[in-house]
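Chemist:
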Amino acid sequence: MVDERPTRSEPSGSASSWTPLAPLPALPLAMPSDAPCELDADLFIALWNPAAMIGLAPRRDASEAVQAELHARLGMAAPAPGRTTGRGGERLIWSGLDQWLYIGDQAGRFEGLDPDLVAMTDQTGARAVILIGGENAAETLAKGCLVDLHPRAFPDDAVAITAIAHIGVILWREGNGFAIATSRSSAPDVLHWLTESAAEFGLEWN
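Residues in the sequence shown are numbered from 326 upward in steps of one, following the numbering used here.
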């Protein structure tokens, strides 16, 4: 069997940039890297390939020690449930009870971290992240997502473990839009649903 997994791309600017990065070649709806879709104020979609996605889960009774270690290494606090924290191009995303997902460009951040304190899993090759932004982004997502995306209910640092079109995702606000993390195997279905949902707003694929 030929391994069709995409190679890891080098970071291009900060993680909050909307500049489209290299597409995932295994995704049938992946877009050309130079122009993944119409980038305008109304609606745009892009694939984000972070250089590193690391799952972090403290061992029993080690949560406070791990949070202190993360703050020392990253310069930001571990987020509370349902929240994210960020600094520069790095993010910590709450991903479950005493669990966080690191997204950034420096996998070496956790070298030397005591494995007796925290379980670490490299999820870079297991997840895909899709960005959707523009004035119609929330309305596009609302068709298949049960989360109230109004800024009063889902503010800038909010994150939800939910489903979009019955597909499990982690959803959070990113820049002037939203980020959707899902398994790579589910990403083509999420992209397909997004294209269908966005059609009424005139989004056209190249």
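Backbone N, C-alpha and C define an ideal beta-carbon position, used for all residues, glycine too. If you're wondering where the values come from, they're calculated on a predicted model, not measured in any experiment.
Using the Cα positions of Asp441 and Asn501, report the straight-line distance between them to the nearest angstrom.
Modeler: Taking the straight line from one Cα to the other gives about 38 Å.
Chemist: Would you check if the distance between the CB atom of Met401 and the CB atom of Gly411 is smaller than 8 Å?
Modeler: The answer is yes: Cβ separation under 8 Å.
Chemist: Buried or exposed for Leu399, going by 16 or more other Cβ atoms inside 10 Å?
Modeler: So Leu399 counts as buried.
Chemist: In whole angstroms, what separates the C-alpha of Gly467 from that of Phe503?
Modeler: Before going on, a small fix: residue 467 reads as Ala here, not Gly. One C-alpha to the other measures close to 12 Å.
Chemist: Are Ala483 and Gly421 close, meaning C-beta to C-beta below 8 Å?
Modeler: Contact: no.
Chemist: Helix, strand or coil, according to DSSP, for Thr465 in the structure here?
Modeler: Of the three classes helix, strand and coil, the one that applies to Thr465 here is helix, per DSSP.
Chemist: State the Cα-Cα distance for the pair Ala485 and Ala390, rounded to the nearest angstrom.
Modeler: Rounded to the nearest angstrom, the two C-alpha atoms are 25 Å apart.
Chemist: How far does the beta strand (DSSP E) with Pro476 in it extend, from its first residue to its last?
Modeler: From DSSP, Pro476 is part of no beta strand (DSSP E); its letter is neither H nor E.
Chemist: Classify Ala490 as helix, strand or coil using the three-state DSSP reduction.
Modeler: DSSP places Ala490 in coil when its eight states are reduced to three.
Chemist: Quick test of your reading: Leu496 and Val472, contact by CB under 8 Å. State the CB separation rounded to the nearest angstrom.
Modeler: That belief holds up - the Cβ atoms of Leu496 and Val472 are roughly 7 Å apart, short of 8 Å.
Chemist: Would DSSP call Pro404 helix, strand or coil?
Modeler: Residue state, collapsed to three classes: coil.
Chemist: Suppose contacts are defined by Cβ-Cβ distances below 8 Å. Is Asp439 in contact with Pro383 by that definition?
Modeler: In this structure, Pro383 does not lie closer than 8 Å to Asp439 by Cβ.
Chemist: Which ranges would you report for the alpha helix (DSSP H) in the region 382-450 if only whole runs of at least 4 residues count?
Modeler: List check, alpha helix (DSSP H) in window: 388-399.
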